[in-house]
């Protein structure tokens, strides 16, 4: 990035401002730089809402506390977490490694984790804020939080300067599909003696990023665009704005394949004890469109589902709540709402999947590249699509079955690996034989044949 030139002007006279280190200006990392970010979160990117700062509530699987402190955690309007590492002057060469460690920890956050962290942050200024009110603030900002999107946090490194090795490493990591931004903070002394600070995006270079293309970066960018498009309007807002559902429409709770057959059965049994638990009435209200028959209260779709699942199974995590509610004719809320504008056309995928032969497997990434999308939205579509044939023949890039795989037919109890082994695919240490993988070139050939 070229050197920055800052001037104070008085009419036709322009006086160069004197660049000065933040430390030399008497500015501190936590009491100054961090406070600027908290007050002006746009430093981290457009549409970022602060969720927490100086977060240190990490635990291992054994419940042991980890002594690490994340500077700032935010949430953007697409529902992605944004973690920031702040350094007052020159960042250490290991700053990107520390940020990746935090990203790995943050990627395990559930919706409940995000809400609780945000609640603790907000109660610093509003002690009486309830958890439900905090959740609504986040929902108003980003829509229903998607567990899969939460697993893909962004990284923003903010510093006075970066070592060449840091910049080179970040460029390579971005080429591999990570979302990392470098923001440079520079202080200046102007002619009047006052201190000013500029914040400039060092990387990716704005307006040039679109020309810096690699397959993995293209895929990552497609993920971001699809996430933004899919959240252009939430299901609830589309339904309310279109009035596609009349006030008073009866809805029934039907568990989806987000849970195992055993857990779905537990929910059905729990609802059978009081059928009102599985009933709600639609009201065209953007904030709380469901009146739950169980208690007469007004809620959004997901909070009811979370409560039901927790009571019936003990599981506490986020769900795609609108998909659990059906009208008398069996349509879900997303079915009725329709797709947001600009939604991806999956017909090419539907044409291609039936052509994958027995004894062969493909990766999400290769399929996505072939039809012109990204692996994450493709996986989300396949997980809920009843039209996608041979979905069990799609594996991760390492040849492993997905831990979240579930049959759209709830009657099927065999695992993804069981089904593939029955078709002749061999597995070693849980990985499919790479020689039985359908290559990108073969997929492209099948795709062209399907279009012919």
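In the numbering used here, the protein residues as written are 36 to 487.
Built from N, CA and C at the ideal position, the CB exists for glycine as well.
### Task
Using DSSP bridges, identify the partner residues of residue 193.
The residue labelled residue 193 in the question sits at position 158 within the chain shown. Under DSSP, residue 193 shares a beta bridge with 121 and 218.
Point to revise | For residue 455, the residue or residues it bridges with in DSSP | key: The residue given as residue 455 occupies position 420 in the chain shown. In the DSSP assignment, no residue is bridged to residue 455.
For residue 87, does the count of other Cβ atoms within 10 angstroms reach 16, so buried, or fall short, so exposed?
For the purposes of this step, residue 87 is taken as the residue at position 52 of the chain shown. Residue 87 is buried by the Cβ-count criterion.
query = Assuming residue 214 contacts residue 189 under a Cβ cut-off of 8 Å, what Cβ separation, rounded to an integer in Å, is found between them?
reply = What you label residue 214 is simply residue 179 of the chain shown in a count that begins at 1. What you label residue 189 is simply residue 154 of the chain shown in a count that begins at 1. 4 Å between Cβ atoms; contact.
Exercise for the section: Return the residue from the list 105, 450 and 354 that minimises the CA-CA distance to residue 152. Expected result: The residue you call residue 152 lines up with position 117 of the chain shown. The candidate whose alpha carbon is nearest that of residue 152 is 105.
Alpha carbons only, please: which of 307, 463 and 205 is nearest the one belonging to residue 452?
Here the question's residue 452 lines up with position 417 in the chain shown. Out of 307, 463 and 205, 463 has the C-alpha closest to the C-alpha of residue 452.
For this session: Report all residues from its chain with a CB closer than 6 Å to the CB of residue 348; omit the five preceding and five following residues, and keep chain order.
Result: Reading the chain shown from its first residue, position 313 is the one you call residue 348. Cβ neighbours of residue 348 beyond the five flanking positions: 298 and 301.
- Contained alpha helix (DSSP H) runs [length at least 4] in the stretch 146-189, N- to C-terminal order: Taken in chain order, the complete alpha helix (DSSP H) segments of 4 residues or longer contained in the stretch 146-189 are 146-157, 166-177 and 182-185.
- residue 354 and residue 293 closer than 7 Å at C-beta: The residue you call residue 354 lines up with position 319 of the chain shown. The residue you call residue 293 lines up with position 258 of the chain shown. A contact, by the Cβ cut-off of 7 Å.
| task | Mind checking which residues open and close the beta strand (DSSP E) that includes residue 315? | result | For the purposes of this step, residue 315 is taken as the residue at position 280 of the chain shown. DSSP places residue 315 inside the beta strand (DSSP E), whose first and last residues are 314-317.
Check your understanding: Fully enclosed by the stretch 349-437, which alpha helix (DSSP H) runs are 4 residues long or longer?
Key -> Correct list: 368-372, 382-387, 399-406 and 410-419.
| field | Simplified DSSP assignment, three categories, for residue 343 | value | Here the question's residue 343 lines up with position 308 in the chain shown. Of the three classes helix, strand and coil, the one that applies to residue 343 here is helix, per DSSP.
- Message: Quick check on residue 141: does DSSP put it in helix, strand or coil?
- Response: Looking up residue 141 in the chain shown gives position 106. Correct three-state label for residue 141: helix.
Discussion item. Mapping the DSSP letters down to three states, classify residue 3 as helix, strand or coil.
Written reply: Outside the shown range of the chain (36 to 487) lies residue 3, about which nothing can therefore be said.
Tell me whether residue 274 is buried or exposed, calling it buried when 16 or more other Cβ atoms sit within 10 Å of its Cβ. What you label residue 274 is simply residue 239 of the chain shown in a count that begins at 1. Flag for residue 274 reads buried.
Here's a check: name, in chain order, each residue in its chain whose Cβ is nearer than 8 Å to the Cβ of residue 475, leaving out the five neighbours to either side. If you number the chain shown from 1, residue 475 lands on position 440. Taken in chain order, the residues that qualify are 401, 404 and 405.
Worksheet item: What whole-angstrom Cβ distance do residue 39 and residue 235 have, given they're in contact under 8 Å?
Response: In the chain shown, residue 39 corresponds to position 4, counting from 1. In the chain shown, residue 235 corresponds to position 200, counting from 1. The C-beta distance from residue 39 to residue 235 rounds to 6 Å, short enough to meet the 8 Å contact threshold.
- Answer yes or no: do residue 288 and residue 381 have a C-beta to C-beta separation smaller than 7 Å? As a position in the chain shown, residue 288 is number 253, starting the count at 1. As a position in the chain shown, residue 381 is number 346, starting the count at 1. Not a contact, by the Cβ cut-off of 7 Å.
Requested in this report: Determine, using beta carbons only, whether residue 331 and residue 394 come nearer to each other than 7 Å.
Outcome: What you label residue 331 is simply residue 296 of the chain shown in a count that begins at 1. What you label residue 394 is simply residue 359 of the chain shown in a count that begins at 1. Contact: no.
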